[in-house]
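Protein chains in written order, with this note's numbering: chain S, 1 to 369; chain D, 370 to 738; chain V, 739 to 1107. Okay, structure first, notes after.
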Amino acid sequence: MSETPRVLRKITGNHLEDFRLGQVFRHKGGKTVTEGIFASFTEFTMTTNPLAKNARYARAYGYRGLVVPPGLVMLVAFSQTVEDVSENARANLEYIDMRFGAPVYVGDTIEVETKVLGVKPSSSNPKLGVVHVQSTARKNVGEADEAIVMTWQRKVQVWKRDESKTVDEGEVAPDEVACELWLPPHQPGRDYKGMAHLSSGDTYFEDFAPGTRIEHWRGRTMTDEHIHLTAVLDNTSQVHCNQHMIDLNPKQYVGGRLIIFGGIPFTLCLGLSCPDVHDNALGDLVYHTGRHTAPLFAGDTVFAATEIRGKRDHATRPDVGILETRLLGHKFEKSEGAAASDEAPAGYKKTQIFELDRDIVVKRRSHYA
Amino acid sequence: MSETPRVLRKITGNHLEDFRLGQVFRHKGGKTVTEGIFASFTEFTMTTNPLAKNARYARAYGYRGLVVPPGLVMLVAFSQTVEDVSENARANLEYIDMRFGAPVYVGDTIEVETKVLGVKPSSSNPKLGVVHVQSTARKNVGEADEAIVMTWQRKVQVWKRDESKTVDEGEVAPDEVACELWLPPHQPGRDYKGMAHLSSGDTYFEDFAPGTRIEHWRGRTMTDEHIHLTAVLDNTSQVHCNQHMIDLNPKQYVGGRLIIFGGIPFTLCLGLSCPDVHDNALGDLVYHTGRHTAPLFAGDTVFAATEIRGKRDHATRPDVGILETRLLGHKFEKSEGAAASDEAPAGYKKTQIFELDRDIVVKRRSHYA
Amino acid sequence: MSETPRVLRKITGNHLEDFRLGQVFRHKGGKTVTEGIFASFTEFTMTTNPLAKNARYARAYGYRGLVVPPGLVMLVAFSQTVEDVSENARANLEYIDMRFGAPVYVGDTIEVETKVLGVKPSSSNPKLGVVHVQSTARKNVGEADEAIVMTWQRKVQVWKRDESKTVDEGEVAPDEVACELWLPPHQPGRDYKGMAHLSSGDTYFEDFAPGTRIEHWRGRTMTDEHIHLTAVLDNTSQVHCNQHMIDLNPKQYVGGRLIIFGGIPFTLCLGLSCPDVHDNALGDLVYHTGRHTAPLFAGDTVFAATEIRGKRDHATRPDVGILETRLLGHKFEKSEGAAASDEAPAGYKKTQIFELDRDIVVKRRSHYA
């Protein structure tokens, strides 16, 4: 080795000026869902739906085995897109039309493609702009059970690297993606009642009334475990795991601290709501829209609530109904002198951190219990 | 959504007045033992018995694969009972007659039922009482290899919610539960000696002398990892994971901090004792009685010791013997000005945290090495 | 139990005077690689090579499934030797001639033997000496696919327990160990190009130029997760997990704190370098030499760089080449008043923590993309 080697530093990810309208990224890596990541995430979130906990129950319902819950499908698929789409992002603005398809099992391998639907420079800040993308996740590409497992759009605020560069501004139409939630057929011969004690008895479709808000009872304090959890997902964004980078310039970063990857409160809120809302769900149909409304840090305790906004029949399946909900996440922050209220105890204010408009396919008691 | 939704908060778990003598809970969920939870717990405890570490060794002994160690069987089974039995408990008072049956393998699904044996209001505190229960865990219910894997009783101190309610006081007899430890047959043709180097050479049945106490050498510092570990077990008790709840009223909670779930020192003490005590065990027969004698917090370092209290032959198997032990867990707490003693170094006192009377089935050197 | 039991404390591991030249340890335990430990380590290190992430890709290349990356093979194999070789070590001095053989898959069981090649008392400190050993790891001993997966030498500084004892000083020759990296055959009929988007496009053999140093972009902050990670590996050394022991005598221990097990920065540096260096590698051929040059503690952020030192053809395989590299790990430590430099930002100094001379087998673009 010579004493003066040539030094290389690769720029990873794309900046605003690098995105081309209609461009398609076939993301690197892909990820096989192991029992390791399944246990870390499904169980960390306190998910209670037996489809994700009890293999004999899942098989009896017609699944091949333990079902990877939608929150974990989302985390694995979403993380595959980070390097190309949001490694140089300032913030993830919105999740849009997130739909689920085939069930994902342990051993399945997920690969993702993303199309650029829109690029728009900021009118006020020449260093920023918004990128609008559509991503689709497939499992077991090239194998007999290849299937689409998820598709979604998102808008993300991305930094520009070189202000002088032009931007490929505009918007193109999203692709039609055939992604419909697979449901195991209801078979009258199956002994659903004999397994009914394994899920909660008061979360069938008949039990929900629009106009109610359920304050979920459990809270969960996050620790710096989030660094490990984020790495295990292949999310490579440095704002979640590089304390030295934060220390050099804390003012540049939200809160001056390592921020928790948004996918973690996303899936944690889903888990905290599970015993009250989707213990008897067969799947999540669509997340119409969702966003993070405040950052989360190690030491914060996450709580969740669900608004029941509507109910409707399923087009083809009388054994289930569709529950229209809004999932809300929040935490409490110290607030000197604040009086107690319906919203928060004395000395605290309630800060909303997450919201997600979510349609769920829920079993009817008439058919399953 | 109307602006004034009706707010629901579900009360989870039972209070003293909710328990009925003879009542049976068929607990929700069930849990499939994945390789994820197997690795987190078996290996976190520093278990050294090759049956739980080396699949080719376990198969050569006649097991189907890696054997889930008794501490993890207990954690998985016990946690299934928390919501119904002890979500509203003040303390777990005693483990009684905890017996093991069929071996548990990765992929097995555990489901648990609990019968209420006794309810007794406190004579001194109208807000408290003791509930006495008997729980039985089965694996693979309804499948060809359905079997009882564990049965136990416990007494737990539970809060009353409404002091004016009457309590179903009394005691009923426990059920007879056919739960006997399965042992792989000793087959003279197997090359046990060729594998003997994989376990410690000085922990055969012949090596133990009643009247000795083994101070296990290794210690293990617990971190706030306990929050994650507890969630992964489906233990939903908020005193282990909800820092906000503690902050609002620290005096109500032991130590004013998140307390570590007792199952964690239980299994950690088992692991720390493994190289000296059960490296050559084929299984744990029974835990006659056990209790937590002091709380454990993040930052504490756990140590363990084992008293050898007796030895006896196995009724039907000349290749093994039964070792009668008491497992003790302890930690050291700072104690200003304390002199050094046999028990603790200067400036510290020794605090016992756990004890368990435990009969173990141990291989004889004459047959295995 | 009598009131005055006889107390036993087992001495674990060997001290300098216990080692005999030419002695062979057949290490206890063995370890089956579960999906739990695979996920914890492969993904924690931010490894990006699809062979370790994407099972359908690995199968398409001719592997049986997900390939355990060399860093994890090393961690599992090395840890098996700790109790016998380095439980009573002061420091691990050097890794030598670390070579890889058969691929390791989830479900494989690794067992290790170690031969004592040298023992040498310190000339300056009668309490210390150096032990030189050669270890070989096999998988699935006694089964159809038994194979050598790794062999290596190391030198370790070990404490003497009894200064008056003589030491078996000397050096014997290492064994010849047939351990060559298995490579899946290149088959022209396979659609390698159809999978080429899953790995980085600029890390084929043709892309590397000797005389360059690649500063890898990502950093990773370590937390006290290292305690759990080390236990999960069966590394039993108390300096990584027993805070009470440190508190009693902090001056005796490096930094007066729990030190992170060297295997963790070893594998983390490999992972951080992956996207730039071995995203298109088929395996690691040999680590000629390696050492830890400074300790790592919880809170430190790890960075890595790779020097490209040479390139050569593979003796029998035109589809790959051998890349000769030096992997370097470092962290930044606060340094009052330090001016900014090429090496470190103002107020910090750069501290090298690890170096490893490493030959990698890398695919040629001509054959694979």
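All C-beta atoms in this analysis are idealised placements derived from N, C-alpha and C, irrespective of residue type, glycine included.
Taking 8 angstroms as the cut-off, the Cβ atoms of Ile110 (chain S) and Ala147 (chain S) do not count as close. Cβ proximity to chain V below 7 angstroms picks out His566, Leu567, Ser568 and Ser569 from the segment 547 to 573 of chain D. Contact of Cys241 (chain S) with chain V by beta-carbon distance below 9 angstroms involves Met784, Arg956, Gly957, Arg958, Thr959 and Thr1039.
In this structure, Val525 (chain D) lies away from Val546 (chain D), with their beta-carbon atoms at least 8 angstroms apart. For Gln238 (chain S), at least one C-beta of chain V is nearer than 8 angstroms to its own C-beta. Think of a sphere of 8 angstroms around the beta carbon of Ala969 (chain V): the chain D residues whose beta carbon falls inside it are Glu412, Phe413, Thr414, Met415 and Arg589, in chain order.
When the alpha-carbon of Leu128 (chain S) is set against those of S:Gln352, S:Gly22 and S:His15, the nearest one is in S:His15. Put simply, of S:His278, S:Phe205 and S:Glu215 the residue whose alpha carbon is nearest the alpha carbon of Asp319 (chain S) is S:Phe205.
Counting along the chain, Glu355 (chain S) sits inside the beta strand (DSSP E) bounded by residues Tyr348 to Lys363. Contact of Glu343 (chain S) with chain V by beta-carbon distance below 8 angstroms is absent, the smallest such distance being about 33 angstroms. Neighbours of Pro619 (chain D) in chain S, taken as residues whose beta carbon is under 9 angstroms from its own, are absent, since the nearest beta carbon is some 13 angstroms off.
Per DSSP, reduced to three states, the secondary structure at Tyr61 (chain S) is helical.
Contacts with chain S at 8 angstroms (Cβ-Cβ) do not include Leu444 (chain D).
Around the Cβ of Lys748 (chain V), a 10 Å sphere holds fewer than 16 other Cβ atoms; the residue is exposed. By the CB criterion at 8 angstroms, Val488 (chain D) and Gly539 (chain D) fall inside the cutoff.
Between Asp1017 (chain V) and Ala39 (chain S), the alpha-carbon positions lie close to 27 angstroms from each other. In the DSSP annotation of this structure, Ser533 (chain D) is not part of any beta strand (DSSP E), being labelled neither H nor E. Interface with chain V (8 angstroms Cβ-Cβ cutoff): Ala304 (chain S) is excluded. Bounds of any alpha helix (DSSP H) do not take in Leu198 (chain S), whose DSSP letter is neither H nor E. Within the segment 4 to 16 of chain S, the residues whose Cβ lies closer than 7 angstroms to any Cβ of chain V are, in chain order, Pro5, Arg6, Val7, Leu8, Arg9, Lys10 and Thr12. Taking the beta carbon of Phe407 (chain D) as reference, the chain V residues within 7 angstroms of it are Thr772 and Gly774, listed in sequence order. Looking only at S:Val141, S:Thr151 and S:Thr293, the smallest Cα-Cα distance to Lys350 (chain S) is reached by S:Thr293. Using a Cβ-Cβ cut-off of 7 angstroms, Tyr57 (chain S) is close to Gly399 of chain D, given in chain order. Looking at S:Thr212, S:Ile322, S:Leu270 and S:Asn88, the one whose alpha-carbon comes closest to that of Arg956 (chain V) is S:Asn88. Only exposed fits Ala209 (chain S), as fewer than 16 other CB atoms lie within 10 angstroms of its CB. DSSP, reduced to helix, strand and coil, places Ile264 (chain S) within a helical segment of the structure shown. When DSSP states are grouped into helix, strand and coil, Ile952 (chain V) belongs to the strand group. Rounded to whole angstroms, the separation of the alpha carbons of Leu282 (chain S) and Leu323 (chain S) is 12 angstroms. The DSSP assignment places 128 to 139 and 147 to 159 as complete runs of the beta strand (DSSP E) inside the segment 115 to 180 of chain S, in order along the chain (cut-off: 3 residues).
Arg213 (chain S) reaches chain D at Met370, Pro374, Arg375, Val376 and Leu377, counting residues in chain order whose Cβ is nearer than 9 angstroms. Against chain V, the beta carbon of Asn140 (chain S) has neighbours under 7 angstroms at Arg794, listed in chain order. Contact between Leu936 (chain V) and Asn792 (chain V) is confirmed by a C-beta separation of about 6 angstroms, below the 8 angstroms threshold. Annotated as proximal: Trp159 (chain S) and Arg90 (chain S), with beta-carbon spacing under 8 angstroms.
For the pair of segments examined, the segment 920 to 940 of chain V was found to touch the segment 786 to 801 of chain V: the number of CB pairs separated by less than 8 angstroms reaches three.
Assignment of Leu258 (chain S) by DSSP, reduced to helix, strand and coil, places it in the coil class.
For Asp728 (chain D), there are no C-beta contacts with chain V under 7 angstroms, since the nearest C-beta of that chain is about 14 angstroms from it.
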